[in-house]
Structure formats: structure tokens, C-alpha cells
Amino acid sequence: MTFTLFAEAASSASSAFGASEQAYLFQARQMQALSFAAHIPLVCFGIAFPAFVVFVEWLHLRTGDDVYRVLARRWSKVMLALFAVGVVTGTILSFEMGLLWPNFMATFGNVFGLGFTIEGISFFVEAIFIGIYVYGWDRLSPRTHLLTGIPIILSGFSGSLMVIAVNGWMNHPTGFTLVNGRAVDVHPWAALFENSYFWHELIHMYIAGFMVAGFLTASAYAWPILRGRTSRYNRTALIVPLTIAALAAPVQIVVGDWVARDVAETQPVKLAALEGLTTTEKGAPVHLLGWYDGDRVEYGIKIPKLLSLLAFHDPNATVTGLDAVPVKDQPPVNVVRISFQTMVAIGSALALLGVVYLAAWFRLRRLPATRWFYRAVVVAGPASVVALLAGWITTEVGRQPWVVYRVMRTSEAVTGASGIPVGYATLALVYAGLAVAVAWLLRRLARAPMDMPERSVSPVAGGGPDGPR
Amino acid sequence: MDLAEAPIVLMLVGLAAYAVLGGADFGAGFWQLLGGRGERDRELREHAHHAMGPVWEANHVWLIFVLVVCWTAYPVAFGSITSTLAIPLFIGGIGIILRGTAYAMRSGAASPREERRIEIGFACSSILTPFALGAVIGGIASGRVPVGNAEGDLVTSWLNPTSIALGFIAIATSAYLAAVYLAADAVRVGKPELEEAFRKRALGMAVVAGAAAIVGLAVVRNDAPRIWDGLTSGSGLVAVILSALAGAATIAFVAGRRYGPARVTAATAVGAIVAGWGLAQRPQFLPGLTIEQAAAGRSVLIATLVALGLGALILLPSLGLLYSLLLRGHFDEGAAPRSAGRSETAPRTGNLLPAAGVCLIVGLAATMPVTSAWGRIIGIPFLLAFIALGFVAIATAMSTAAKDDR
């Protein structure tokens, strides 16, 4: 595997295609960030929600209990709606890759494009089987119908694997040689999959997907339970997503530890930004909260040697500081630091909530009775989304000023076209409308009448009023 | 054809598939807007909506396919096109968001009035998007995209005679394809009055699309002489003639209510013209950049083709399954009554919990103290297995237990 050393490569990465003087680089970055922020929570539902639906359908097939059937059908409608919105927000992302960062695509599209090609295939499979699954209720035999859900789950995994492989490559670029600003001698398989850096990102994101989809779905049902609507339908709809999120959240801490150690090794400047560590230090501390003033963390609560311990599992290990690179190569510390601490704080709280839930089950074999538990679950849903986005901000802003770490600057990747502020404003407006529309739709889908077993003992054959429309 | 041209052939196949399948979905939106207003026509609009339900997402993915193959195999061309044609691509993107949103929202509409409002949003974006994407093709075909980062004119690259003509052709073709397919679907679901309605629309729209194509050719002759030359000689001419013949055959089939062959010839007419464009443009991709020069290195092209080849082994049977279920009417209302195959027993998941516990212990033991890669390679799968097994065990036990204390 060939890999050009950073310093000289960085100066020439833009020469082949042409970097531009873009006055609105920051707006371009904000526009991209907005598009990701809208899409990533939907990705979580793409990853995890099909598993919930298929599991509930399996329970129905095994027990013959119609509560599961009603729940699985309703969820499959939600799944389709969120998938449709995910499809379009994902399409915008692929447009923006070229619209906003043409030089990045022109220079490195050949290196990482393979990942998106395979992602495109899994996305295709997902789209095909989601159509078959959702429109196949009552039209395929129960067993076949259940089986058509499996490819959705698998392609959700393979799709995220590919996208994360590309992101891993951006953070740890390998598999090419840069000659006169063109990537030559490209080894696309090696660049994406022999990359040591992407496995932790993949597992971290995949588990995050189950946490976000799990806690958000659970919070949607904790709310009616708090208000006294404790039907078995609502409790089942709470139990299924909450169980998987409760199991995933503590495991995420173990995976997070792995991520931090890989970042320490591969992207020491990013790690220094996570803490606001200016100079290289032996036995480096962690400051909780506080503000980085360009030199050190003010007003933070200092915990000595914790950073060394966390990053290298050795309290006296040497941690590289920000000043290892010139100021122009350092990421914006406060954004990264605050995002990171937000993610860790929320993640820890979610893990605690998960442990409480599991402990209650082990000791009492039922749901906790206290209202505080349900209140916590209601909060956990939105909080998990905040943690998810904070995590992405940590890794993406932490990579700045590079789009391809130490090879191409974001400012070199950006388009030369004018009108970015107009595009940004338009997209912000459209996405605000999209958020309102999705909220409206989910409320409507939750309210729509479905044939509950109490009302119709023999389920309606064929489409009927609750058929997918 | 050599290796450098193989990806662009696949891109043109993808583009043709998107123009036919995605185009028919856009056209369905078109008919929701212009299909009529009254209560009688509500059925017509409903039919247009239902027909695309199961396949809407899959049809859209063809566009993504074309984009990713382009940026992988021809990255410099991709960067040049997207930066110069940023405006129509952005408009098309916004149209795609509005369309997807409106499509998803329709399943939540509670009254005909709400439904109508959402449909209008859906329909407008169904017209905007093909126009914008047609304009993009026009900009490329008429040689208005130079190589480089936003080197071309941001406005005239897509507001020019060829782009505008292609934008309208895209709208007309979509509406025409949709009318043919919707008439065929109406026969399948046994609604003769809908069949007649869409048959008339198909015939009318065939005339409009044919006229648009002829006007388009005249525009291309003046505005994009290179393409005109390519389309009027050699293999490009063959493609144009094939497209015209297939278009005429479609009109005859629709007039004679033979919709099965009409589906095929309508698709052929569109596919042939996409192929004709490729043949006419060859070997140039962008001005001063041949396909050969634009192509990524050999290793990348081979990797892409291998990935697509292996992907096709999964994709083609899956697509076959989807469309055969659709066309055989398996997704129609009341198609096949479900058989009640139930065991009526609570699932036994008692053994799963101890297994989950073992996985947790092994996973933690392997990942925590050891900093080696092997510890993780062993440990992480065990931790994932712990989540999966624990989930099935606990969620099953809890939700079936919840039954007792209702």
C-alpha cells in the first residue's frame, strides 16, 4: 500500500482540478452539516427499525397474538415513510458532494467511490425489499413475508458499512499516491477495507443507530403510558425498542473506549482538541466543562492524568498536544470539545438508564413502576439524537481543517460557484418544512385507526382500510 | 468498447432505467395535477398514486446509481458537471425532497382536501425535477460544461435552447410513459373506465412527446451541432430511427389496447434515445476531455465493475421479484388472502439469556484489558451477539409476560 507523506502532498492536492477562492466556505460547511444532521437520525431508523418490525412480526407468528400484528403493521408504515424521507435526504447528500465539494470529488472520487458504488447496491436492495415487505402484508404467505424483512436488515448494515468505510478513509487516507494533485496508483479495496481506522467507527455508529431508533421509539410510547394509556399495545411498543437500546447503550461505552484509543493513535491532534490540550504532556488531565481560550481550559474541573489513562490505558502516558501542528492545521477546539463532552455525558446517562431498566427486569421481571423512569425514557429519545449529532460533530469538525486528513483542506475542496448563501437559506427553509411534515405525518400515523384485536376477532383479509397506501 | 467505456455504458443503462421507471413515476405525479379535478377524477389520481407505491423507492435509486458510478469512474467529469451545473442540480434536488416528502405525507392524509393539497405539492415537484434533470443533460450534451471547478457559465449552461428543449421532452416523455403504464395497470385491476381515461391520455401525450422530440432535434441542430451530426449518421442514426419506430409502435399498441407490448416499446423508445445520445457524444465526455481521459485508473475501473457485477447477482433477481410481484398483481388490493399459519405457543427463549451472559463476559474479557487488535476482533462480535441474544430473550419474555397483567 502506498501512501504519500502529508506535508508536500497537502500543498499540491488542489492543483489538478483547481481550488477556488470561495468567500462562503463556512456557509458551504454549514449547509453540508445541516444536510447530515437531517439525514443521520433517519439513517438510524434505516439501520435499526426494520429489526424491530421484523421481531414484532416474528412474535406475532409465534404466538398468534394480534397485538403484535397491529404493531408490526403500523411500524412498517412508519418505516416506509421514514425510509422515503431518508431516500430523499440521502439523495441531497450525494448531490451536495458534487455541488459543494467538486474538487474533493474530482481528485479522490476514484479512491473512495467504490464504497459508494457498493452502498448504492445495498441501498437498492433495501429499497426493493422495503417495497415488497410493506406492500406484501396479507398478500404474501406469513413466512415469506417475514423473510422479505431480512434483506432490509442486512442491507441497512452493509450500507452503513460502506458509508463509514469512506468516512474512515477521509480520517485515515491510504491506498493511493498523490502526483501533481491527482490520485494515482489507486488501490480502492485496500483504501477502504484494509483501513484500520473504519472498524471502530462502523461499530460505534451501528450501535448508535440502535440506541437512537430504540430510545426515540420508546420515548414516543413512554409519553402515552405516563398519561395513563398503559394498554398492552403501548407497553409492547415500549419494551421492544427500549430493550435493545438498553442493551446497546452500556456496550457503546466499551466501543467508545476503543474509538478514543484509535483516535489517540491515528489522529493525535483530534484527541488534543477533544480535551483542549495545548502542549504535549505526560500524564495529561481531563477538564470537565469549561472553555478553551486558545491556550488552556478555563473554569473546567480538572481530573489529573485521566486523558492519558483513557487514551492509552496508562496514567503516565504522553499525549500529543495541539501545538504539534501549526495553528492553521488545528481544528476549532471549543466546538469539538463541547460536542465530545455532550456526547459522553448523554451516552453515560443513557447507559445508566439502560442498566436501570435491565436491573428492574432481572429483579422484578416487569417494567419499572415509577413515573420517573418513564419521564427519563421520554427525555432519552431526543437526548440520544443530540448525542448522535454531537458525536458526528466531534469526528467531522475534529478532522478540520482537512477534508481528507492531512492531504486536502476543506478550503481546497470547495466549489468555485457563487450563490452558496442562497442555496443554504433555501435548503434550511425546505428542511424546516420537512421537519414539520414528518412530525405531522408521524402523529397522523399514530392516530390512524387500525383493526385492534378487541374490535375485530377475525382479522380482515386483504387490504381494507389499514392497507398500505 | 474498452475498459474506460464500460462504466459509462452502465451509467447510460442506469439513466435509461431511471428515465423509464423513475420517469413513469414522475409522470404519475403529472397526471395527479392535470388528471382532472372533480370527484370522478379522484379515482384516476388515486390510481396514479397506488400504481407507484411498491416500486417508488427502487425506481429512484437508479439516479443514485448513475451519480456514484460517475464520481467513481469519471471523477474529474463529475466535479466539472456538478460545479458548473450546480443550479439545475440543486433545483432538481429540492424537487426530489418535496416529492419524497409529499409522497410520504399522503399516507397520513385524512380528508380529500388534505390529499389534494399534498398531491399538488407532489405533482409540482414531479414536473420541476424532470425539467431540471433534462436541463442538466442538455448542458452536458451541448458542450457547455468545461473541465474545472465551476469553469462554465452558471446560468447559460442550463438556460439554453438544448437544455430547455430537453427539459420539456423529459416532462412530456414522463407523462406519456406514465399514461401507458397506468392504462396497463388499470386493465390488471379491472377498471375499464380508468383504462380508457389513461389510454386517451397516452395517445394525446404520445403526439405531444413526438412533437417535442422533433422540435428538440431542430433545436439540437442549431445549438449542439456535434450531437446533431452524431444523431444523423452511423449508429446514432440507427438509435434515433429505432426510437421513432418504437414510439410509433407504442401508439399502435395503445390504440389497439395491447398494453403488454406497449410497455416494452415505450421503454425501448426512451432507452434508444439515451443510447443515441451516448453514441452521438462519443468519444467526447466534456469539451477537451474524452471518455478515455476522464476515466479513473485501471484498478478502480476493474474494482467498480467487479463490485457491480457481484451486486447484479443480488440485484437483478431482487428486481425481478419486485416487478413480477407488481405486474402479476400481488400488491393489488385483496390479492391473496393470508393463510393463518400459527403455532399459538409462547416462544421459548429461556436458553438465550445465559448465552447472552456468556457472550457479554467473553466480549468484555477480550476487549477491556487487551489493547491488541485480536482482542477486539474476537470481543466485539461477542458484544454484538450479547445485544442481539439479550434483546430476543428479554423483549420476548417481557412482552409475553405483559400479556398476563393487562
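Each protein sequence line maps, in turn, to chains A and B. Take 228 as the starting number for the first sequence in this note's numbering and just add one per residue. Take 1155 as the starting number for the second sequence in this note's numbering and just add one per residue. Positions of the beta carbon are idealized from the N, C-alpha and C atoms, including for glycine.
Ranked by Cα distance from A1337/B, the options N1303/B, T1554/B and R1412/B are led by R1412/B.
The C-alpha of V1392/B lies about 8 Å from the C-alpha of G1430/B. Of all residues in the segment 526-538 of chain A, none comes within less than 7 Å of chain B when Cβ atoms are compared. If you draw a straight line from the Cα of S1397/B to the Cα of W364/A, it is about 39 Å long. Distance from the CA atom of A1264/B to the CA atom of L469/A, rounded to whole angstroms, is 30 Å.
Within chain B, the residues whose beta carbon sits less than 8 Å from that of Y362/A are G1207, P1208 and F1485, listed in sequence order. Judged by beta-carbon spacing, G1177/B lies within the 8 Å limit of T1327/B, meaning their Cβ atoms are closer than that value. With its beta carbon less than 8 Å from one in chain A, M1552/B belongs to the interface.
Spatial neighbours of W1210/B in its own chain (CB-CB distance under 7 Å, excluding positions within 5 residues in sequence) are listed in chain order as D1179 and Y1257. It is roughly 8 Å from the alpha-carbon of Y658/A to the alpha-carbon of A265/A. Between P648/A and chain B, the shortest Cβ-Cβ separation is not below 8 Å. Identification of chain B residues near N394/A by a Cβ-Cβ cut-off of 8 Å yields none; the smallest Cβ-Cβ distance measures about 15 Å. Across the set A1378/B, W1185/B and P1379/B, the C-alpha of W1185/B shows the shortest separation from the C-alpha of F1276/B. In this structure, T569/A lies near A614/A, with their beta-carbon atoms less than 8 Å apart. For L405/A, the secondary structure class from DSSP, reduced to helix, strand or coil, is strand. Counting along the chain, the unbroken alpha helix (DSSP H) around K1354/B starts and ends at P1346 to D1377. Among the residues facing chain B, R296/A is not included, as its CB has no counterpart in that chain under 8 Å away.
For A655/A, the closest C-alpha among the options R456/A, I319/A and S247/A is that of I319/A.
Considered as a whole, the segment 300-384 of chain A harbours 329-362 as its complete alpha helix (DSSP H) runs of no fewer than 4 residues, in chain order. Chain B places no beta carbon closer than 8 Å to that of L453/A, leaving this residue out of the contacts. Where Q259/A is concerned, the enclosing alpha helix (DSSP H) starts and stops at L252 to T290. With fewer than 16 other CB atoms across the displayed protein chains lying within 10 angstroms of its CB, A1372/B is exposed.
Taking all protein chains shown into account, V1163/B has fewer than 16 neighbouring C-beta atoms within 10 Å of its C-beta and is therefore exposed. When rounded, the separation of the alpha-carbon atoms in G1517/B and V478/A is 10 Å. When secondary structure is reduced to three states using DSSP, Y424/A falls in the coil class, being assigned neither helix nor strand. Around the beta-carbon of L1537/B, 16 or more other beta-carbon atoms lie within 10 Å, marking it buried.
Across the segment 556-589 of chain A, CB contacts with chain B closer than 8 Å involve L585 and W588, in sequence order along the chain. Within chain B, the residues whose beta carbon sits less than 7 Å from that of G336/A are W1225, T1226, P1229 and F1232, listed in sequence order. In the DSSP secondary-structure assignment, W518/A is bridged to E525/A. Of F253/A, R370/A, G340/A and F331/A, the smallest CA-CA separation from G291/A is found for R370/A. CA-to-CA, the gap between R671/A and M1259/B works out to about 9 Å. Looking at the DSSP output, E502/A bridges to nothing.
Under the criterion of beta carbons closer than 8 Å, M397/A and Y632/A qualify as touching, at roughly 7 Å. Taking the C-beta atoms as reference points, A1289/B is found no nearer than 8 Å to T1238/B. Within chain A, the residues placing a beta-carbon under 7 Å from that of E1211/B are F310, A311, V314, A354, I357 and G358, ordered along the chain.
Pairwise C-beta distances place the segment 1218-1233 of chain B out of contact with the segment 1376-1390 of chain B, as fewer than three of them are shorter than 8 Å.
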